[in-house]
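Start counting the sequence shown at 1; every next residue gets the next number (our numbering).
For glycine and all other residues, C-beta sits at the position ideal for the given N, C-alpha and C.
Notes follow once the structure below has been shown.
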Amino acid sequence: MGRLTLPIRPNKKQEEFFCSQHRYVAYGGARGGGKSWAMRTKFVLLALKHPGIQILLLRRTLGELRDNHIVPLQKMLADTAVYSETKKEFLFPNGSRIKLGYCDSEQDVLQYQGQAYEIIGMEEATHFTYFQFQCLTECNRYSGNMKEKFRPRMYFTCNPGGVGHDWVKRLFIDKLYRDGENPKDYLFIQSLVFDNKYLTENDPDYVAALSALPEARKRAMLYGDWDAFEGAFFPEFDWRIHIVHDPVIPKNAVLFRALDYGLDMTSCLWCAADEKGNVTVYRELNEKGLILSEAAKKIIAMTPKNERIRYTVASPDLWNRRQDSGKSGFEIFVSNGLKGLIKADNARINGWRVVREYLNHPEGVSKLRISSSCRELARCLPLLRFDERVREDASGHPHEITHAPEALRYALMSREPKNAFKRKPKFRRSLYTFDTPQREDGYDSIIQYD
Ligand SMILES: Nc1ncnc2c1ncn2[C@@H]1O[C@H](COP(=O)(O)OP(=O)(O)OP(=O)(O)O)[C@@H](O)[C@H]1O
Ligand SMILES: [Mg+2]
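As structure tokens, then:
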């Protein structure tokens, strides 16, 4: 442990965070607890104390990264480290480095593959997917720049909700570990806005604004209740049950396609319904930037000539006339050879109930199977979240994960007689508890840190 005098005054929770040395430490769990401040200050302290240490600090988007970290760190380190805008990194005279990055899209995380950082920080970790977290754990290793021995660590700040709610909750709140995960490696330090006197004293309106949030959001953001938002929209989804390699399609199966067209993403699923009503999704197309005619041609090209597709069910907005051409998407599809289009039943809540029924697997058997080649559908289905306002609907955020599931909804609705699923779904709910908020009174400006 080292001692350092700096004009910084962490509160008790932040001090606990500064002293933590577990392999994985999550901090926060609610809004305004001083998470971002704690993360960047901790990383400066680590850089100063451990010469040569390589640190990566990540947020989901560049805008958030700039406002939350680059600008405050530039102020804080003006006389201490050199900042490179092109590399987005602070270099310290002792060889330490704080690199700042962001992962806008899921694949952006791959740019860090092959790199090595003794410390990795994921700010707002619940905005990252489990895949991104796993990729980053591979970069969390000895970089070769340090003279001393140092056990790599990862730090997380987080609020409930978001695409990464489930994995953060599993590891740090529920503490349900899988093979290969050592429970002793994980530490959660809860901090609430009440722990942050800089906000409560200087901006009491902020606490009032949190108190005025809709109930579920308030429970999550003010009191750090991880059960306020249900996690996955489809907890029924299970890779072992729903994903199959090389599915066998019965000869008499009805083959059809389901299409969610958009310039930002065209999602098309090829499906087979057997005589018992089971549906297998055996092929998918997910591509950005296809104009209507290109999408039509691509779908035709991906369908072997001997495959007899009965119909293609598509989102109803395809029938709307476009202002630019005066033609509807439907007409453009037909004129490019894609025939047999029918309008999807776009009733969202009923549609999701139907999907839930298909995913249900009371005895380990489900009516829906997805070929392992349909990677985008398999990736997006478990990532869907509940809409915070309309409890039975899926959230439209992040938008990029909604396309393939929407196409699946159209597909399954096309197999159901209208109003077949009126039964109310059972949502999981649990009582919530939260720690009594703590207040700090007096701080020591000489802090123990590591
Ligand atoms: N120990 C501290 N010393 C000085 N200022 C602090 C301290 N802790 C927090 N603050 C200030 O309190 C405000 C809120 O802190 P911060 O942005 O770190 O909270 P947060 O938990 O990240 O919030 P959000 O949930 O909105 O991301 C900021 O202005 C920050 O600089
Ligand atoms: Mg923050």
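Straight-line Cα distance separating residue j from residue i
{"i": "residue 92", "j": "residue 182", "result": "34 Å"}
{"i": "residue 178", "j": "residue 281", "result": "29 Å"}
{"i": "residue 427", "j": "residue 393", "result": "Low confidence applies here, because residue 427 scores a pLDDT of 38, under 50, leaving its location unreliable; read the following figure in that light. Spanning the two alpha carbons is a distance of roughly 12 Å."}
{"i": "residue 67", "j": "residue 82", "result": "19 Å"}
{"i": "residue 162", "j": "residue 239", "result": "21 Å"}
{"i": "residue 287", "j": "residue 310", "result": "23 Å"}
{"i": "residue 395", "j": "residue 303", "result": "31 Å"}
{"i": "residue 452", "j": "residue 255", "result": "Here the chain comprises residues numbered 1 to 450, so residue 452 is not present and cannot be evaluated."}
{"i": "residue 190", "j": "residue 54", "result": "26 Å"}
{"i": "residue 371", "j": "residue 102", "result": "32 Å"}
{"i": "residue 94", "j": "residue 188", "result": "31 Å"}
{"i": "residue 454", "j": "residue 24", "result": "Since the first and last residues shown for the chain are 1 and 450, residue 454 lies out of range."}
{"i": "residue 13", "j": "residue 105", "result": "32 Å"}
{"i": "residue 472", "j": "residue 249", "result": "For the chain, the structure presents residues 1 to 450; residue 472 sits outside this window and is missing."}
{"i": "residue 352", "j": "residue 153", "result": "40 Å"}
{"i": "residue 145", "j": "residue 76", "result": "24 Å"}
{"i": "residue 225", "j": "residue 123", "result": "19 Å"}
{"i": "residue 390", "j": "residue 348", "result": "11 Å"}
{"i": "residue 267", "j": "residue 344", "result": "14 Å"}
{"i": "residue 270", "j": "residue 277", "result": "16 Å"}
{"i": "residue 32", "j": "residue 215", "result": "18 Å"}
{"i": "residue 335", "j": "residue 417", "result": "30 Å"}
{"i": "residue 85", "j": "residue 180", "result": "39 Å"}
{"i": "residue 138", "j": "residue 113", "result": "8 Å"}
Span of the beta strand (DSSP E), counted from its first residue to its last, around residue i
{"i": "residue 99", "result": "97-102"}
{"i": "residue 121", "result": "119-122"}
{"i": "residue 260", "result": "254-260"}
{"i": "residue 369", "result": "368-371"}
{"i": "residue 341", "result": "341-343"}
{"i": "residue 26", "result": "24-28"}
{"i": "residue 186", "result": "186-190"}
heavy atom of ligand 3 below 7 Å from residue i C-beta
{"i": "residue 9", "result": "By its list of ligands, the structure shown excludes ligand 3, since it contains just ligand 1 and ligand 2."}
Residue i - DSSP class collapsed to helix/strand/coil
{"i": "residue 17", "result": "helix"}
{"i": "residue 233", "result": "coil"}
{"i": "residue 80", "result": "coil"}
{"i": "residue 270", "result": "strand"}
{"i": "residue 208", "result": "helix"}
{"i": "residue 315", "result": "coil"}
{"i": "residue 350", "result": "helix"}
{"i": "residue 297", "result": "helix"}
{"i": "residue 150", "result": "coil"}
{"i": "residue 38", "result": "helix"}
{"i": "residue 157", "result": "strand"}
{"i": "residue 142", "result": "coil"}
{"i": "residue 61", "result": "coil"}
{"i": "residue 126", "result": "helix"}
{"i": "residue 286", "result": "strand"}
{"i": "residue 365", "result": "coil"}
{"i": "residue 71", "result": "helix"}
{"i": "residue 107", "result": "helix"}
{"i": "residue 394", "result": "strand"}
{"i": "residue 243", "result": "strand"}
{"i": "residue 48", "result": "helix"}
{"i": "residue 56", "result": "strand"}
{"i": "residue 173", "result": "helix"}
For residue i, the first and last residue of its enclosing alpha helix (DSSP H)
{"i": "residue 136", "result": "130-139"}
{"i": "residue 329", "result": "329-335"}
{"i": "residue 377", "result": "375-380"}
{"i": "residue 408", "result": "403-413"}
{"i": "residue 89", "result": "From DSSP, residue 89 is part of no alpha helix (DSSP H) but of the beta strand (DSSP E) over 89-91."}
Proximity below 8 Å, CB of residue i to CB of residue j
{"i": "residue 100", "j": "residue 70", "result": "yes"}
{"i": "residue 410", "j": "residue 315", "result": "yes"}
{"i": "residue 8", "j": "residue 61", "result": "no"}
{"i": "residue 121", "j": "residue 155", "result": "yes"}
{"i": "residue 65", "j": "residue 39", "result": "no"}
{"i": "residue 261", "j": "residue 329", "result": "yes"}
{"i": "residue 164", "j": "residue 130", "result": "yes"}
{"i": "residue 159", "j": "residue 78", "result": "no"}
{"i": "residue 382", "j": "residue 150", "result": "no"}
{"i": "residue 283", "j": "residue 380", "result": "no"}
Buried or exposed by the 16-neighbour rule on C-beta atoms within 10 Å, applied to residue i
{"i": "residue 421", "result": "Because residue 421 carries a pLDDT of 43, less than 50, the predicted location of this residue cannot be relied on, and no value is offered for it."}
{"i": "residue 291", "result": "exposed"}
{"i": "residue 198", "result": "exposed"}
{"i": "residue 405", "result": "buried"}
{"i": "residue 376", "result": "buried"}
{"i": "residue 34", "result": "buried"}
{"i": "residue 17", "result": "buried"}
{"i": "residue 362", "result": "exposed"}
{"i": "residue 419", "result": "For residue 419, the predicted structure reports a pLDDT of 47, less than 50, and the residue's modelled location is therefore unreliable. A value from the coordinates is still provided. Exposed is the call here."}
{"i": "residue 80", "result": "exposed"}
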